[in-house]
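Participant: Just add 1 to wherever you are in the sequence shown, counting from 1, and you've got the working numbering.
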Amino acid sequence: MGIDDIISKAKAEASPDGLEALSEQIAEQIKDRTPEEIDEITGQAAAKAKELG
């Protein structure tokens, strides 16, 4: 699941439970990444969220 998929799912599930599930998915995606990779993923997610408004 890519960043776009996660953000689309978050937009569809914009509830406390949906956000909790999203947080768990993000944590799962980044747990084995380097700090640089995490920064890149975070930047992509922030840019996409800004784009979606």
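For every residue, glycine included, the Cβ atom is placed at its ideal position computed from N, Cα and C.
Values in this document were obtained by computation on a predicted structure and should not be read as measured data.
Might you give, ordered along the chain, the residues of its own chain that have their beta carbon closer than 6 Å to the beta carbon of alanine 48, omitting 5 neighbours on each side?
Facilitator: Excluding residues within five positions, none has a Cβ falling inside 6 Å.
Participant: How many angstroms separate the CA atom of aspartate 5 from the CA atom of alanine 50?
Facilitator: About 9 Å.
Participant: Can you check whether the CB of leucine 23 is closer than 9 Å to the CB of isoleucine 39?
Facilitator: For isoleucine 39 and leucine 23, no; Cβs fall outside 9 Å.
Participant: Is threonine 35 helix, strand or coil by DSSP?
Facilitator: Three-state result, threonine 35: coil.
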